[in-house]
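Contents: one structure, followed by commentary.
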Amino acid sequence: MNGVLLDTNVWLWASGASDRLGVRARALIADAAVDVVFSVVSAWEIVIKAGLGKLDLVGAPDDYIRARLRAQRLRVLPCTLEHTLTVSNLPDHHRDPFDRLLIAQAMAEHLSILSGDKHLRAYDIDWLDARR
Numbered sequence: 020m021n022g023v024l025l026d027t028n029v030w031l032w033a034s035g036a037s038d039r040l041g042v043r044a045r046a047l048i049a050d051a052a053v054d055v056v057f058s059v060v061s062a063w064e065i066v067i068k069a070g071l072g073k074l075d076l077v078g079a080p081d082d083y084i085r086a087r088l089r090a091q092r093l094r095v096l097p098c099t100l101e102h103t104l105t106v107s108n109l110p111d112h113h114r115d116p117f118d119r120l121l122i123a124q125a126m127a128e129h130l131s132i133l134s135g136d137k138h139l140r141a142y143d144i145d146w147l148d149a150r151r
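With the sequence shown counted from 1, adding 19 to any position gets you the numbering used here.
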């Protein structure tokens, strides 16, 4: 395993005290030997959803994300042209634009994706169940 890209919900679950995140998933995220990756795509999704009132955070989104990333010491993955162009080659299994871009990043970077969304299993990626 080259590393694990966290789906946005998984990062939010790991950042709080959510019981949605499984024991194995929580251990994987905490394992210093695993390259755990947070995408700027997730930051974008969080900012947009918080702005629309669809996501309640403790504080402003920029402060919330920065503070938790500092504490977690995750690698932050930028979004590149290659990532965005890869989206155009994905089958239409899932319409969520954020998830599609995360899938493209996982493919381009050879990362597993840790997610609770079983729809993502339809893609040719290494999907890890975050609820386990």
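By construction, the Cβ of each residue, glycine as well, lies at the ideal position given by its N, Cα and C atoms. Quantities reported herein were computed from a predicted structural model and do not represent experimental measurements.
- Proximity to Lys137 across Asn21, Val29 and Val60 peaks at Val29, based on C-alpha coordinates.
- As the crow flies, the alpha-carbon of Arg94 is around 25 Å from that of Leu109.
- Around the Cβ of Val42, a 10 Å sphere holds fewer than 16 other Cβ atoms; the residue is exposed.
- Here the region 83-94 does not lie against the region 125-142, with fewer than 3 beta-carbon pairs under 8 Å apart.
- For Val106, the closest alpha carbon among the candidates Gly78, Lys73, Asp143 and Ile48 is that of Asp143.
- Going by beta carbons, Ala33 and Arg45 fall inside the 8 Å limit.
- Spanning the alpha carbons of Ile48 and Leu74 requires a straight line of approximately 23 Å.
- Annotated as distal: Val55 and Cys98, with beta-carbon spacing of 8 Å or more.
- Comparing alpha carbon positions, the residue from Ala149, Ala69 and Arg140 closest to His113 is Arg140.
- Comparing C-alpha distances from Ile65 to each of Val53, Ala52 and Ala79 shows the shortest one belongs to Ala79.
- In the three-state DSSP reduction, Asp82 falls in the helix class (H, G or I).
- A residue is called buried when at least 16 other Cβ atoms come within 10 angstroms of its Cβ; Ala149 meets this threshold and is buried.
- Just so you know, the alpha carbons of Leu100 and Val77 end up roughly 32 Å apart.
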